[in-house]
Amino acid sequence: MRFVLVGATALALAACGDYPGAYEEAEAGPPAGDVRIEPGLYRMQITIGGGPDGSGMQYADENQCLAEEDVSGGYREMLLDLQGRDSCRFETYDLADGQLDAVMVCAGDAFQPETRARIAGTVTPEATDLQMTVAGFEEGGKGVDMRVTSERIGDCDGQDA
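Using this note's numbering, read the sequence shown as starting at 43 and increasing by one per residue.
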């Protein structure tokens, strides 16, 4: 099951291979200070380019179901599980009072370079609003900017992700 940030990060952090020092297996439940996303149906939107005002190119606007097993370890663990725990790691992860400031690094391979995503914004149990800059696609380039939002809109009612 994919979460909006995961979908955006998958687009931008497609460099997946074995990564030394990747985060270890999730403990039962989220660590202290992390947010546990509520299971349910989410509307997820990804906008590439532009700023926090929503300007830019709409990349995705879809509904996704997040099951209990997708969210039980907390937000950080969900991202690592869906991005590839063996290839991605958080260089920094600070989530305090619903404000996330993090850097995720995913190892490169023969086809993709190492990528680095700077992630900042708001995470609550039922919504996210994040600005991301993903670097690593072009030598010396400033990276790809995107806005990733999600909002819980109800129960899944048998819908798949």
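The beta-carbon is built from N, C-alpha and C at its ideal position, and this holds for glycine as well. This one's a predicted model, so the numbers in the text were calculated from it and none came from an experiment.
- [ ] Name the residue from Gly140, Arg85 and Ile90 whose alpha carbon lies nearest to the alpha carbon of Arg78.
- [x] Gly140
Open item on the list: Less than 8 Å between C-beta atoms, sequence neighbours within five positions excluded: which residues of the same chain meet that for Gly3?
Closed with: A question about residue 3 goes unanswered here, because the residues of the chain that appear run from 43 up to 203.
- [ ] Just mark Glu119 as buried or exposed, buried being the case when its beta carbon has 16 or more other beta carbons within 10 Å.
- [x] Result: buried.
Task: Paired residues, beta bridge with Met174 - DSSP - done: Ile161 and Met188
- [ ] Decide if the stretch 142-152 is in contact with the stretch 116-130; the criterion is three or more beta carbon pairs, one per stretch, under 8 Å apart.
- [x] yes
Open item on the list: What residue range does the alpha helix (DSSP H) around Asp112 cover?
Closed with: Taken as a continuous stretch (DSSP letters only), the alpha helix (DSSP H) holding Asp112 covers Glu110 to Val113.
- [ ] Measuring alpha carbon to alpha carbon, tell me which of Ala169, Ala177, Gly150 and Met99 ends up nearest Arg85.
- [x] When each option's Cα is compared against that of Arg85, the closest is Ala169.
Open item on the list: Out of Cys198, Asp171, Asp199 and Gln125, which one is the CA nearest neighbour of Met188?
Closed with: The shortest C-alpha separation from Met188 is found at Asp171.
- [ ] Can you give me the start and stop residues for the beta strand (DSSP E) that Asp143 sits inside?
- [x] Gln141 to Cys148
Open item on the list: Judging by CA-CA distance, which residue of Gly116, Arg160, Gly150 and Tyr117 is the nearest neighbour of Glu133?
Closed with: Taking the Cα of Glu133 as reference, the smallest distance to any Cα among Gly116, Arg160, Gly150 and Tyr117 is reached at Arg160.
Task: Alpha-carbon spacing of Asp128 relative to Glu111, whole angstroms - done: Going by the C-alpha atoms only, they are around 19 Å apart.
- [ ] Assign Gln106 to one of three DSSP states: helix, strand, or coil.
- [x] strand
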